[in-house]
Amino acid sequence: MATDLRISNISKIYPGCIANDNVSLQFKSGKIYALLGENGAGKSTLVKILSGVISPDNGEVFLNEKNLKLSSPLDAKKNKIGMVFQHFNLFETLSVFENLSIDATEDNKSLRIRINEILKKYNFSIDLDVPVLNLSAGQKQKVEIIRCLLRSPKVLIMDEPTSVLTEQETEELFISLKKFCDEGILIIYITHKLKEVLSLCDEVAVMRKGKVVSVSQTQNERVETLANKMVGQKLAKIKKKINISKNKDEIFKVKHLNFYSDDPFETNLINLNFSVKKGECLGIAGISGNGQNELFQILSGEIITPDTSIIFRNKEIAKLNPKQRREYLMAFSPEDRISQAAVPELKIYENVALNNFKSSNFFEKGLVNEKKIKEHSKKILSDFSVNTDNVELKSQFLSGGNLQKLILGRELITAPELLICYNPTWGLDVGAINYIHETLIKINDQEKSTILISTDTEELLKLSDKIAVIYKGKLSKIMPSEEVTPEKLGVLMGGGSID
Amino acid sequence: MSLEISFIGILIGSIMASSVPLILAASGELITERSGVLNLGVEGMMIIGAISGFALMVITDNLFIAIVGSMLSGVIISLIFGFLTQSLLTNHVATGLALTIFGIGLSAMLGKNFVGIPGKEFPILFSSLRESIPFFGPILFGHSIILYFAFTLPFLTNYFLKKTKLGLVVRAVGDSPVSASNQGINVILVRYCCILYGGAMCGLAGAYLSLIYTPQWIENMTAGRGWIALALVVFATWSPIKVLIGALIFGGITILQLHMQAIGFRIPVQFLSALPYLMTIIVLVVISRDSRKIKLNTPTSLGRIFYKEK
């Protein structure tokens, strides 16, 4: 039976922000629909309304002309609307089977049979009796999908599903989604990745600032047209000129980096060796959870490992803590903006002051020199085009993009010789990503070096001079980036080997 | 020879009796914590259970009413905690500490008129078997029904958490309340139930002290057992069976060191008194070393305030 989902005049207003402004859309089964928009465009709010997590202030949802009252996630489930969230809704310490059985109405035996049928039908291979925390991101997503499939959904909503997947996993996902679509499930695919829209979806609705700005057939669209609709202005193209730096000095060299941990949430690192030259960008690719966290923490000095040698500007720094390393002109931008890079409850200038190396004179005789810090913060805000000039603002009120600009600004204003960043554009919108990419390229142009640990292959190919892949704590050989293709990276990131 | 053996039997029986309040309170708190709620008010709920059980026994002269009443009083006082932390979203730690202080104060006030009143004898089961079988008699028989209940409780708790649907829901809520809520589970309701259950068990643990173990009312008679129960839950890494082991070790060493003090060992009394705490922690740390298992058993959201998006 055909499914017809209609959203009519949905509005949702948060204090100081209109998340959804009179949104009306129509979807029919047999097609894959894309909902495209930057961060903060209102996509997530809309899907949360559709899945019953939040209720709209205004507007209605119709499924096959039946007015749905979606006041809790249960209502969405009852009405056969399935949802795979960007941040997985799984219970990490429970087994896969327990995760799937928690909202099942049947007994465990027949549930297991049904799950196995689904696994077989779609060629998924997942061990049902291991705890979810042992699974890769791609497998976790499959568990989420199975959870939806068990309820034989009419509508399946995928919220930014590829942000944690490898190229191969993405391809597999697309194959599965097309299968579901052929079976009559209506698929709504939320993303800010333009290429995915073009390769997977039949129709695309673009949202900007809470409003639907365009609905069109994807065959009539190109990357550029969609990007312009999404951002609302023309975007400059950035392309890095690759540094041919054979004769330059090595500024940073890591030897015999090993890390061993008992913690099942951590990955062991096995004998990593690499070096970075002046003005060069070394990209480290990999699916998250393959040791990037640990690597970043070791490079920044949060974790000190024995027997590792880290040479920076001809000095051995392996035993130094992050503050001491900063004094040698290293800078760090961790992945988690909210909890690692900044303290959200503190004001902007206070966050800037956290980075207190000796030369900054932020503190005199144990007292805070507020005036100096504020001046310094203002300079960062204007130099790095952060969308506010109020240094008294609490950092939690900055959007992800602005917070990232602030953090990068804080790190770069000291003119460091080496910047190590980990997923600097994670979860940001096109405009902010562009800005940060430009900034990172500018650093290299000024003969400063960067190490870019990222899960975004496109970003790595755009910014790196050399690329290596980390998989299960081991580093592949380091390749010049002109020899690297997305396919090659995908193979290495999935644990395969090339040559 | 036979005298010694029967003495050891009696000793083990008394160790079991002394560990009952710990097992009850810790098993209750374990369920509460598994749902992600950290209730530090165990001591307060126990002492309220102790005084209300004893007062009801004196007033009604009915032990059944006294036991049920003590559990109800535990439920009521934990309801205050539940309302504050789950509905008004107050901090778990501060609220729990306040609950303990409140419970100790309230019990002292309510208990004024009950000081010095002798308790009533609590019926014991299989008392004839206790005398007739050497060694095992005093271990297995002649205890109150509460003791038998306490010793089956950790196994029931384990079964509940691992094998039942409801147990799965409790663990899921403790692991990730946001995910649970998005799955349509009523997180607040589950947590309320777990808090109230914890309160009932703590109330019962208190009543065991004032009605059975030392049948009388003394101000502050729980004497820190609530805190020990809390520590047991953590050091047993949220495993009910390990809670039982820990409670027995604590009870055992408490009794043994009393005997050692009586015999007059040349070890400082202070050290002997500290021994139960020390040994319990050491043993539980040693048997719970597997960091993988700890990760899997620890309620990830423990003590964190959950509020629903609207």
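Note that the protein sequences, when read in sequence, are chains A and C.
Going by my numbering, the first residue of the first sequence is number 26, and it counts up by one from there.
Going by my numbering, the first residue of the second sequence is number 348, and it counts up by one from there.
We put the beta carbon where it would ideally sit given N, CA and C, even for glycine.
Here the structure is a predicted model, which is why all the values come from computation and not from measurement.
Within chain C, the residues R518, A519, D522, S523, S526, A527 have their CB atoms less than 8 Å from the CB of F116/A, given in chain order.
Straight through space, the alpha carbons of F653/C and I602/C are spaced by roughly 42 Å. Within chain A, the residues P98, N114, I127, D128 have their CB atoms less than 7 Å from the CB of Q530/C, given in chain order. A contact between stretches requires three or more CB pairs, one per stretch, nearer than 8 Å, and the stretch 336–347 of chain A fails this requirement with the stretch 364–376 of chain A. For I336/A, the enclosing beta strand (DSSP E) covers residues 334–337. The DSSP assignment places 83–88 as complete runs of the beta strand (DSSP E) inside the stretch 63–91 of chain A, in order along the chain (cut-off: 3 residues). Counting other Cβ atoms within 10 Å of its Cβ, E375/A reaches 16 or more and is therefore classed as buried.
By the criterion of a C-beta distance shorter than 7 Å, F52/A is surrounded in its chain by L30, Y58, L211, I213, once the five residues flanking it on both sides are discounted. Restricting attention to G599/C, L649/C, F482/C, M392/C, the CA atom closest to the CA of I352/C is found in F482/C. By the Cβ neighbour-count rule, Q166/A is buried, with 16 or more other Cβ atoms within 10 Å of its own. At a cut-off of 9 Å between beta carbons, S638/C contacts chain A. When the Cα atoms are used, L631/C and G593/C turn out to be separated by approximately 7 Å. Excluding five sequence positions before and after I565/C, the CB atoms of its chain that fall closer than 8 Å to its own CB belong to V462, given in chain order. Cβ neighbours of P485/C within its own chain (closer than 6 Å, five residues either side excluded): G356, I357, G360, R477. Using a Cβ distance threshold of 9 Å, N296/A and T330/A do not count as a contacting pair. In this structure, the straight-line span from the alpha carbon of F122/A to that of D184/A is close to 23 Å.
Each residue's CA atom was taken as its position, placing G107/A and I170/A some 8 Å apart. Residues of the stretch 617–644 of chain C with a C-beta less than 7 Å from any C-beta of chain A: S638, R639, K642, L643, listed in chain order. When Cβ-Cβ separations below 9 Å define contact, T511/C makes no contact with chain A.
Here the C-alpha atom of S36/A lies approximately 6 Å from the C-alpha atom of D82/A. For C226/A, no beta strand (DSSP E) segment is defined, and its DSSP state is neither H nor E. The beta carbon of T118/A is closer than 7 Å to those of P156, L158 in its chain, skipping five residues each way along the sequence. For R137/A, the enclosing alpha helix (DSSP H) starts and ends at 133–146.
Ranking L174/A, S49/A, K91/A by CA distance to the CA of V72/A puts S49/A first. In the three-state scheme derived from DSSP, where H, G and I count as helix and E and B as strand, A59/A is classed as strand. Chain-order list of chain A residues neighbouring L515/C: L119, E123, S126, I127, by C-beta distance under 8 Å. Closer than 9 Å to the CB of T584/C there is not a single CB belonging to chain A. By the neighbour-count definition (other C-beta atoms within 10 Å, threshold 16), L435/C is an exposed residue. The beta carbon of A519/C is closer than 8 Å to those of S526, A527, Q530, I532 in its chain, skipping five residues each way along the sequence. Our two residues, S241/A and G209/A, have alpha carbons roughly 21 Å apart in a direct line. For E117/A, the three-state secondary structure derived from DSSP is coil. The beta carbons of L61/A and V222/A sit about 6 Å from each other, so the pair counts as a contact at 8 Å. One Cα belongs to N339/A, the other to T475/A, and the distance between them is close to 17 Å.
Contact of S188/A with chain C is not assigned, every C-beta pair being separated by 9 Å or more.
Interface criterion not met: the Cβ of T504/C is under 9 Å from no Cβ in chain A. In the structure shown, L453/A falls within a coil segment according to DSSP collapsed to helix, strand and coil.
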